[in-house]
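Asks: In the working numbering, the protein residues as written are 746 to 994.
Cβ atoms here follow ideal geometry from the backbone N, Cα and C, with glycine treated the same way.
#1: Quick check: the Cα distance between residue 835 and residue 867, rounded to an integer number of angstroms?
#2: Could you tell me which of 977, 797, 933, 871 sits nearest to residue 967, measuring between CA atoms?
#3: Using C-beta distances below 6 Å, list every residue in its chain close to residue 898, excluding the 5 sequence neighbours before and after it, in chain order.
#4: Just to confirm the assignment, what range does the beta strand (DSSP E) spanning residue 753 have?
#5: Suppose you measure from the CA of residue 956 to the CA of residue 944; what does that come to, to the nearest Å?
#6: With burial defined as no fewer than 16 other Cβ atoms inside 10 Å of the residue's Cβ, what is the status of residue 791: buried or exposed?
#7: Taking C-alpha atoms, which residue in 807, 894, 798 lies nearest to residue 881?
#8: Mind reading off the beta-carbon distance from residue 693 to residue 930? Whole number of angstroms is fine, and I expect it under 8 Å.
#9: Which residues in the same chain have their Cβ closer than 6 Å to the Cβ of residue 874, if we skip the five residues on either side of it in sequence?
#10: Quick check: the Cα distance between residue 789 and residue 847, rounded to an integer number of angstroms?
#11: Across which residues does DSSP place residue 984 in a beta bridge pair?
#12: Between the alpha carbons of residue 734 and residue 984, how many angstroms are there, rounded?
#13: Check whether the Cβ atoms of residue 752 and residue 785 lie closer than 9 Å to each other.
Pasting the structure below:
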């Protein structure tokens, strides 16, 4: 009975790349087109729990050994497989890293406009900032008074929101004044306490430059880097595909 070659499955039958975020189409399309035409062995994958990074490793199999004859009976072989000398195998890795996917599964880079509100929203979630933290930081950064800063914040808020709330926000009087203030804002303002602070101190209608300046000032004490640089870093996808080659005679 003749010797049978080992069975090598088509890579497209094993890997669909569904785990790669849809916005990384340039990685997915390139990899899938290649996987449809090749066979493989030694497949491994590692995906992060939140989906922001993934790693695939395998060896592409050419069922006929890739090589050609040289003078004097010498044979040149490309990527000779050391487990089966009758084939050539090409180690390949596909990896990606996109931090924003850990926080926003359906994030679409094409639809991101770098507006102050979009940046504020991403920073709130990715930095895990509570509404109490946002209110406290807004008071520290923007409230300038010789009196009670929390009462001044309430005055500023009521003035800025105007008809945006049903009733004015009352001054907090409990032992947990910030917690009471957050609850009162959430009850009166549909967008929540954090966005009430944003609308009061950061947003300057009709003045994009000043809004961005206020945003940078707000995050200056929170982040060790500029807020624009931070956002660009976490929304920028990174991907790498490698193919290892070797030759022997």
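Replies: Straight from the coordinates:
#1: Counting from 1 along the chain shown, the entry for residue 835 is found at position 90. Counting from 1 along the chain shown, the entry for residue 867 is found at position 122. The straight-line gap separating the alpha-carbon atoms of residue 835 and residue 867 is approximately 41 Å.
#2: Along the chain shown, one-based indexing puts residue 967 at 222. Out of 977, 797, 933, 871, the CA that lies nearest to the CA of residue 967 is found in 871.
#3: By 1-based counting over the chain shown, the position of residue 898 is 153. Closer than 6 Å at Cβ, skipping near neighbours: 884, 888.
#4: Stepping through the chain shown from its first residue, residue 753 is reached at position 8. Counting along the chain, residue 753 falls outside any beta strand (DSSP E), and DSSP gives it neither H nor E.
#5: For the purposes of this step, residue 956 is taken as residue 211 along the chain shown, with counting starting at 1. For the purposes of this step, residue 944 is taken as residue 199 along the chain shown, with counting starting at 1. Their Cα atoms are separated by approximately 10 Å.
#6: Counted from its first residue, the chain shown places residue 791 at position 46. When all chains shown are included, residue 791 counts as exposed.
#7: In the chain shown, the residue the question calls residue 881 occupies position 136. If we check each option's Cα against that of residue 881, 894 comes out closest.
#8: Nothing about residue 693 can be reported from this structure: the residues present for the chain run from 746 to 994 only.
#9: Position 129 of the chain shown, counted from the start, is the residue given in the question as residue 874. Excluding positions up to five away in sequence, the list is empty.
#10: Here residue 789 refers to the residue found at position 44 when the chain shown is read from its first residue. Here residue 847 refers to the residue found at position 102 when the chain shown is read from its first residue. Their Cα atoms are separated by approximately 22 Å.
#11: Within the chain shown, residue 984 is the residue found at index 239, counting from 1. Residue 984 is bridged to 841.
#12: Any property of residue 734 remains undetermined from this structure, which presents the chain solely from 746 to 994.
#13: Here the question's residue 752 lines up with position 7 in the chain shown. Here the question's residue 785 lines up with position 40 in the chain shown. Contact flag unset, no.
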